[in-house]
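Residue numbers (our numbering), protein chains in the order written: chain A, 63 to 301; chain B, 63 to 301.
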């Protein structure tokens, strides 16, 4: 049984304003919750589950299914919900390794999927323009499949960061660039992915040192932003 | 104004049973509708829009916003909705070109996104196991972004098809395969993508001539099925 104030608190974290204010976010489902409980840089605030959730050695507040439905943001609630403090990361060193830049990605699912892709390819930092979706939006966080604890997602002006690191190459995913096939591996720099429909803003395009393109063979007009990111990272970082 | 029977008809197409019975499906939004109206293999059944949808030379049944809300399956309805007969394709020739095989893809959004990726990379046929999501599910169709008119999606037993074409190579996306990096280009055969959590069923794995893997650099446990498909197709078909 949860106090009314706890129900309200958990529900409020569906909104960015309250997530920012509380420095906390929600994840759901046994798999995601277990993975984040094991993350060294996350602090658990609350764990709430239904009777069917049983995990050796992990205490949680047990609630009825009807009560769980009220706090869950999933269309099919899945046994357990956890509130964590936002992850803590070291001060970012943009000159080390590759920084993924997301310019105005709007769809939380796309954003979360991209963070998961970044994690797969060993990218440690994702810089989002402040008008991008929030990675702690429940849909985004779920889509990261746990990568939100490993990949540092920052909301900063990427143009200003690039100006502070003028020697780093800037790869931009554009329609008219060099083919990504056969590009040499990228060891450090910025890889910029644009908004789902508007692409990359002019200010960032102007800083491009390596505009790249996924050549089209068939007839689809475009690729989904997350899919394009996966393809580009595999060709620039894979080996 | 729509007759009650028309409202019921359009709503019924949200269910596979009625889509199969009527041989029809729904798409929404001006961009998708315009693209499919121009497709040579699609026949329009009904076009319904609100007053703000105006398109030179295209007649449609105008309805009030409140009525449009009732027939739309989108959370934010977008001006126009069309019912089309399912696209007509030539008899498939599996020996020509590459066939993408989807083994039990469950999420309609993933399925639609994969069809769009197939179209980008010039694949003309996608064979889904009969337990896969329906490509004419509204969410799947929307996710194809129009590719549903260009890519033939079949629901058949891929194992039986492979048996009939024993000489074609079978590429399978698995965890323990050869790296996709540096693979020679694939001109014909089968490329098999597995279910989001269970992967590829044993029967199909046994037919694999080329098990392939996207090598992991970082720590994410897996990649989204559509993202993995995009990466694999770019390495096996891109040039």
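For every residue, glycine included, the Cβ atom is placed at its ideal position computed from N, Cα and C.
Check your understanding: Ordered along the chain, which non-local residues of its own chain (more than five positions away) have a Cβ less than 6 Å from that of residue 176 of chain A?
Key -> 288, 291
Point to revise | Proximity of residue 294 of chain A and residue 280 of chain B at Cβ, strictly below 8 Å | key: no
Check your understanding: If we cut at 8 Å on Cβ distances, does residue 252 of chain B have a partner in chain A?
Key -> So no, residue 252 of chain B is outside the interface.
Practice item. Note the first and the last residue of the continuous beta strand (DSSP E) segment covering residue 187 of chain A. Key: 187 to 190
**Study point:** Interface partners of residue 207 of chain A on chain B, CB under 9 Å
**Key:** 282, 283, 284, 286
Review point. For residue 77 of chain B, does the three-state DSSP call read helix, strand or coil?
Key: coil
Exercise for review: Tell me whether the beta-carbon of residue 258 of chain A lies closer than 8 Å to the beta-carbon of residue 172 of chain A.
Suggested key: yes
Exercise for review: Return the CA-CA distance between residue 93 of chain A and residue 174 of chain A, expressed in angstroms with no decimal places.
Suggested key: Looking at the backbone, the Cα of residue 93 of chain A and that of residue 174 of chain A are separated by about 16 Å.
Review point. Between the Cα of residue 105 of chain B and the Cα atoms of B:149, B:112, B:88, which residue gives the shortest distance?
Key: B:149
Exercise for review: Please confirm if residue 138 of chain B has its CB atom under 8 Å from at least one CB of chain A.
Suggested key: Output row for residue 138 of chain B: interface = no.
Review point. Which value, in whole angstroms, describes the spacing of the CA atoms of residue 270 of chain B and residue 234 of chain B?
Key: 6 Å
Review point. Between the beta-carbon of residue 112 of chain B and the beta-carbon of residue 127 of chain B, is there less than 8 Å?
Key: Their beta carbons are under 8 Å apart, which means residue 112 of chain B touches residue 127 of chain B by this criterion.
Review point. Going along chain A, which residues have a C-beta under 7 Å from residue 289 of chain B?
Key: Residues of chain A whose Cβ lies closer than 7 Å to the Cβ of residue 289 of chain B are, in chain order, 175, 179, 288, 289, 292.
**Study point:** Residues near residue 142 of chain B by beta carbon distance below 6 Å, same chain, minus five either side
**Key:** 92, 95, 111, 115
Check your understanding: Whole-angstrom Cβ separation of residue 72 of chain B and residue 133 of chain B, contact assumed at under 8 Å?
Key -> 5 Å
**Study point:** Proximal residues of chain B, C-beta to C-beta of residue 102 of chain A below 8 Å
**Key:** Near residue 102 of chain A there are no residues of chain B at all, since even the closest Cβ is about 12 Å away, more than 8 Å.
Practice item. Run down chain A in chain order and give the residues with a C-beta less than 7 Å from the C-beta of residue 233 of chain B. Key: Within chain A, no residue comes near residue 233 of chain B; the closest Cβ sits about 16 Å away, beyond 7 Å.
Review point. Got a sec: is the Cβ-Cβ distance from residue 296 of chain B to anything in chain A below 8 Å?
Key: yes
**Study point:** Closer than 8 Å to chain A by CB, residue 156 of chain B
**Key:** no
**Study point:** Span separating the alpha-carbon of residue 79 of chain A from that of residue 70 of chain A
**Key:** Looking at the two C-alpha atoms, the distance is approximately 14 Å.
**Study point:** Within chain A, the residues that residue 272 of chain B reaches when beta carbons sit closer than 7 Å
**Key:** Here the premise fails: no neighbours, minimum Cβ distance about 18 Å.
Review point. What residue ranges within the stretch 96 to 137 of chain B form continuous beta strand (DSSP E) runs of no fewer than 3 residues, ordered along the chain?
Key: 106 to 111
Review point. Is the stretch 244 to 253 of chain A in contact with the stretch 203 to 216 of chain A, if contact means three or more CB pairs nearer than 8 Å?
Key: no
Check your understanding: Residues of chain A with CB under 7 Å from residue 276 of chain B, in chain order?
Key -> 296
Point to revise | Within 8 Å, strictly: CB atoms of residue 154 of chain A and residue 216 of chain A | key: yes
Point to revise | Distance CB(residue 129 of chain A)-CB(residue 64 of chain A) smaller than 8 Å | key: Contact flag set, yes.
Check your understanding: Along chain B, in chain order, which residues have C-beta atoms closer than 7 Å to that of residue 299 of chain A?
Key -> 279
Check your understanding: In angstroms, rounded to a whole number, what distance separates the CA positions of residue 237 of chain B and residue 67 of chain A?
Key -> 46 Å
Practice item. Can you give me, in chain order, the residues of the stretch 179 to 193 of chain B that have a beta carbon less than 9 Å from any beta carbon in chain D? Key: Judged by its chain identifiers, the structure shown contains no chain D, and its protein chains are A and B.
**Study point:** Beta carbon proximity, residue 34 of chain A to chain B, threshold 8 Å
**Key:** Here chain A has residues from 63 to 301 only, and residue 34 of chain A is not among them.
Point to revise | Length at least 4, wholly inside the stretch 235 to 267 of chain A: the alpha helix (DSSP H) runs in chain order | key: 264 to 267
**Study point:** Range covered by the alpha helix (DSSP H) that runs through residue 226 of chain B
**Key:** Unbroken alpha helix (DSSP H) run through residue 226 of chain B: 220 to 226.
Review point. Counting only beta-carbon atoms, is residue 147 of chain A nearer than 8 Å to chain B?
Key: no
Practice item. Could you pull the start and end residues of the beta strand (DSSP E) that residue 161 of chain B belongs to? Key: Element bounds for residue 161 of chain B: 160 to 164.
Exercise for review: Could you tell me if residue 138 of chain A is buried or exposed, where buried requires 16 or more neighbouring beta carbons within 10 angstroms of its beta carbon?
Suggested key: exposed
Review point. Between which two residues does the alpha helix (DSSP H) harbouring residue 178 of chain A extend?
Key: 170 to 182
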